[in-house]
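First the structure, in the form of structure tokens, and then the observations on it.
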Amino acid sequence: MTDILRPANADDTLEAVRGAAADAIRLEVVAGGSKRVIGRPCEVQAVLDVSGLAGIVAYEPEELVLTALPGTPMAELEAALAERRQHLAFEPADLRALLGTSEATPTLGGVVAANLSGPRRIKTGAARDHVLGMKLVTGRAEAVKTGGTVVKNVTGYELAKLLTGSWGTLAVMTEISVRALPAPEAIETVIVEGLTDEAAVALLTAAVGGTFEVSGAAHLPAAVNARGVAETCLRLEGIPLSVTARREALLAFVRGHGRARLLDGGESRLLWTAIRDITPFCGDGGQAVWRISVAPTEGPRAVAGIARRIPCQAYYDWSGGLVWLATDADGDAGAEVVRAAVGPHGHATLIRAPAAVRAAQAVFQPQPPALAALSRRVKEAFDPHGLLNPGRMAADA
Amino acid sequence: MPEPDKATLARRDEIVAAMRAIVPGEGVIVSDAELRAYESDGLTAYRQPPLVVVLPETTEQVSRILSYCHGNGVRVVPRGAGTSLSGGALPLADGILLGMAKFNRILDIDIPNRVVVAQPGVTNMAITQAVEHAGFYYAPDPSSQIACTIGGNVAENSGGVHCLKYGLTTNNVLGLEVVLVDGAVVRLGGKHLDAEGYDLIGVLTGSEGLLGVVTEVSVRILRRPETAKALLIGFAGNEAAGACVADIIGSGIIPAGMEMMDQLATNAAEDFIAAGYPRDAAAILIVELDGPEAEVDALVERVRALALSRQATTIRASADERERLAFWAGRKAAFPAVGRISPDYYVMDGTIPRHHLPAVLARISELSERHRLRVANVFHAGDGNLHPMILYDANAPGELERAEALGAEILKLCVEVGGVLTGEHGVGVEKRDLMPAQFSETDLKQQQRLKCAFDPASLLNPGKVFPTLHRCAELGRMHIHGGRMPHPELPRF
Chain A
9 MTDILRPANA DDTLEAVRGA AADAIRLEVV AGGSKRVIGR PCEVQAVLDV SGLAGIVAYE
69 PEELVLTALP GTPMAELEAA LAERRQHLAF EPADLRALLG TSEATPTLGG VVAANLSGPR
129 RIKTGAARDH VLGMKLVTGR AEAVKTGGTV VKNVTGYELA KLLTGSWGTL AVMTEISVRA
189 LPAPEAIETV IVEGLTDEAA VALLTAAVGG TFEVSGAAHL PAAVNARGVA ETCLRLEGIP
249 LSVTARREAL LAFVRGHGRA RLLDGGESRL LWTAIRDITP FCGDGGQAVW RISVAPTEGP
309 RAVAGIARRI PCQAYYDWSG GLVWLATDAD GDAGAEVVRA AVGPHGHATL IRAPAAVRAA
369 QAVFQPQPPA LAALSRRVKE AFDPHGLLNP GRMAADA
Chain B
8 MPEPDKATLA RRDEIVAAMR AIVPGEGVIV SDAELRAYES DGLTAYRQPP LVVVLPETTE
68 QVSRILSYCH GNGVRVVPRG AGTSLSGGAL PLADGILLGM AKFNRILDID IPNRVVVAQP
128 GVTNMAITQA VEHAGFYYAP DPSSQIACTI GGNVAENSGG VHCLKYGLTT NNVLGLEVVL
188 VDGAVVRLGG KHLDAEGYDL IGVLTGSEGL LGVVTEVSVR ILRRPETAKA LLIGFAGNEA
248 AGACVADIIG SGIIPAGMEM MDQLATNAAE DFIAAGYPRD AAAILIVELD GPEAEVDALV
308 ERVRALALSR QATTIRASAD ERERLAFWAG RKAAFPAVGR ISPDYYVMDG TIPRHHLPAV
368 LARISELSER HRLRVANVFH AGDGNLHPMI LYDANAPGEL ERAEALGAEI LKLCVEVGGV
428 LTGEHGVGVE KRDLMPAQFS ETDLKQQQRL KCAFDPASLL NPGKVFPTLH RCAELGRMHI
488 HGGRMPHPEL PRF
């Protein structure tokens, strides 16, 4: 039975890591555990559960900054922000339904460790663009702070960016400051029906490159859309008067591409939440799910290359640059085919697969030797004895 | 700066010959007269001619140069256009100055993917110029944008007046090609939105030339907004101006730019270019709103109402593009304008939480009196980035020292109220010794361990950023005292 350490604060966390370092005990670092099944399974002797480090430390809406402990549930955070009509603009996904972790609680720490984002990524960036500073306990059992609570800051290296998306392999976060931004007052969606993947991505990239300030650009091919028809979706957000003006301009712009329709605010929220949370692939938990990141115009080519060789389904976000792809979970779950089709100018992550597949296949994109060696040295700079989430991102790191 | 290595100085001819074998023709500069052109950057108080200047033209040459330096223990200082205000490109007597000016080509303009791929010596402005025919631009706009290079922008994580809405360099870089100190070439990111693995682009951006040499940059370009309008607002006091800034942001508006100038800066600008600023105002705000026409018009009215409720003494909205540019002309000329009223000036660059603005300005005013030096303030009010300009005369004995002492006190004040030492100019040599005001020894050692992961012999731009140089072997040691598992005090199952 694996020991579970439940520190209540940053001092306990430091103490726990110090103890683990002294006894060379490898730790799995978790908070709410909703994304625990992403990555290579770690071989550890104990679990460091930081969900006890929870709560909002400071929230200053006029400063556009919120500081909270890593175990703070996202629901609590989002409610506090909504009360002041603000939000986390990077729109982090809730992956519980996809990953079958419905009983778990998504936390700020998990969102940052995974560098999550959502459809609004094309306009406002990912978690890494909104994390301002943090406190850490490194694998060297030292308490370190980096960054601050202000947006404009170039004092020293941005370790907070490095920690964001490091999947708990470098250090344990004990406090995080993020940007809070005004939430949009109005939302609408323009949908064009019946486009091929190529035509859809051409339309999405053109619209995103227009003056419409599109904040979501996705394409659901007929095969993955519950409505049974291909839908190309463009989201507009902002003050009502602005959304109305841009909607009219966008409708004129898409005229001639296919039948267009409008979604109001309520329907738009449901649609974009489904796109964000990969709802099209939540139904069949037996399939493997890949997250592919490429140049937007390359999305359809990559999918076509994969579809020629193995059975798969896919849909597009980020105007074609983010592809969610479902494959059969047996064998290598399509790893060889997927990575060959993506090529050197992009990457593919196996977000959902049985543990045996994740143990046998590289879950994250394998790196060229010089880059892999650099990544190992970076890991060693924070966690020289490989105590924290060992092997989660790569077998040898 | 680190003591010059006598052995390296003695081997100068041999090093020059090795460089000439890698970079043919005029790319290796050795004459004293020509070296002097590289002896300082935008922080001209510090000067040091380098051992030799090398101007490579290809990634392969950069790789061979670094590989040679790595093999022979020779230090390297990378340089873009040399516009750093913190001494980031200050040469070393025993170091090669690696000038990237010949990397001056734009490699790819990809409108559908909204990406420009450029060599690092391309100027910030040239990227915008390359895409404006299609209605696009590159958002970060440091004041030196005509001269500063995109490679330098990456090294310094440069900002500009539009950061609040559009981010700093780090939020607009998608890909890098980087030569590591051993000559290895790595490519990070590309035209896709998120780079794989650890966010090395995130740490390289703003690393001030200490981690690697950037040889290619892919940046996000944005569609030029449909329209932009600016408001010029005058206040009778700094408190009212500061409160108005908080009101605007608190009401849910993120302006494209929000600048504040105090009375001394305002009047200097007015004397210089007659921008039409109210001379009697204690502080002015320039608030720019951009986006769709209907939205901008509505927000202009919202901002006007907020300014009125704070008893603004002047409120003018730009009627056309000419007037909008006139509002900005005074702000953009603030530095040279202050240059006209004082023989010398020293620009500071701290960031503070916005709500401390009135208190910090009051404290700066006290410090100014105590040090008997005038201070003019311009301020990126939207994101709390303060640029006090300390007026002094370098020819008056002791004034430079007093200006530096005053500057250090202002920056410590920024940290004291919860801010940071530098918002966009970088640490360099200028603020290196102030780092302990913001970071503990443990914090700084961890940053240096990251440096060691990239550059274990500390050959890249040594002497910048860190007040104390530790050997990587010493930093790598790990001492664990006490604490045996399991921990009885920790609740567990």
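If you read the sequences in order, they're chains A and B.
Here my numbering = 1-based position in the first sequence + 8.
Here my numbering = 1-based position in the second sequence + 7.
Every residue, glycine too, gets a C-beta built ideally from N, C-alpha and C.
Closer than 7 Å at the beta carbon, the chain A residues around residue i
i, result
"B:N392", "K160"
"B:D206", "R136, K169, L170, T172 and G173"
Start-to-end residues for the alpha helix (DSSP H) that takes in residue i
i, result
"A:D19", "A18 to A30"
"B:Y75", "T66 to N79"
"A:S42", "Where A:S42 is concerned, there is no enclosing alpha helix (DSSP H), given that its DSSP letter is neither H nor E."
"A:V345", "A343 to V350"
"A:R384", "P377 to F390"
Enclosing beta strand (DSSP E) for residue i [first to last residue]
i, result
"B:S316", "Not the beta strand (DSSP E): B:S316 falls in the alpha helix (DSSP H), residues E300 to S316."
"B:L105", "G102 to G106"
"B:A319", "Counting along the chain, B:A319 falls outside any beta strand (DSSP E), and DSSP gives it neither H nor E."
Which of helix, strand or coil DSSP assigns to residue i
i, result
"B:C459", "helix"
"A:P319", "coil"
"A:I64", "strand"
"B:E295", "strand"
"B:H362", "helix"
"A:S223", "strand"
"A:S301", "strand"
"B:R381", "coil"
"A:M181", "strand"
Beta carbon proximity, residue i to chain A, threshold 9 Å
i, result
"B:I256", "yes"
"B:S91", "no"
"B:Y144", "no"
"B:C76", "no"
"B:F461", "yes"
"B:F334", "no"
"B:D450", "yes"
"B:D117", "yes"
"B:I261", "yes"
"B:R456", "yes"
"B:Q68", "no"
"B:L497", "Its pLDDT being 43, under 50, B:L497 is placed unreliably in this model, and the coordinates cannot settle the point."
"B:Q5", "Past the edges of chain B, shown from 8 to 500, lies residue 5 of chain B, and the structure says nothing about it."
Residues that residue i contacts on chain B, provided the C-beta gap is smaller than 8 Å
i, result
"A:A378", "L187, A191, V192 and V193"
"A:T157", "P360 and G425"
Below-9 Å beta-carbon distance, residue i vs any chain D residue
i, result
"A:V386", "Checking the listed chains, one finds no chain D in this structure; the protein chains it contains are A and B."
C-alpha gap between residue i and residue j, whole angstroms
i, j, result
"A:E275", "A:T281", "10 Å"
"A:V52", "A:L35", "5 Å"
"B:L114", "B:A137", "11 Å"
"A:A90", "B:D278", "47 Å"
"B:N245", "B:L368", "8 Å"
"B:A444", "A:A367", "46 Å"
"B:V84", "A:A28", "41 Å"
"B:N160", "B:N131", "8 Å"
"A:A370", "A:A402", "7 Å"
"B:L374", "B:L420", "10 Å"
"A:K387", "A:T177", "7 Å"
Residue-level contact to chain B via CB, residue i, 9 Å cutoff
i, result
"A:R136", "yes"
"A:M401", "yes"
"A:Q369", "no"
"A:I359", "no"
"A:P392", "yes"
"A:N397", "no"
Contacts of residue i in chain A (Cβ-Cβ under 9 Å)
i, result
"B:D297", "Simply none; closest approach about 10 Å."
"B:D148", "Those do not exist, as B:D148 stays about 14 Å from chain A at its closest Cβ, beyond 9 Å."
Chain A contact residues for residue i, given Cβ-Cβ distances below 8 Å
i, result
"B:S349", "Those do not exist, as B:S349 stays about 26 Å from chain A at its closest Cβ, beyond 8 Å."
Contact list for residue i against chain B, beta-carbon separation under 9 Å
i, result
"A:L270", "Residues of chain B passing the Cβ test: none, with the nearest at roughly 18 Å."
"A:R93", "G259"
"A:G133", "G174, N178 and L200"
Chain-ordered neighbours of residue i on chain B, where CB pairs are closer than 7 Å
i, result
"A:P69", "G257"
"A:T163", "V427, L428, T429, V434 and Q445"
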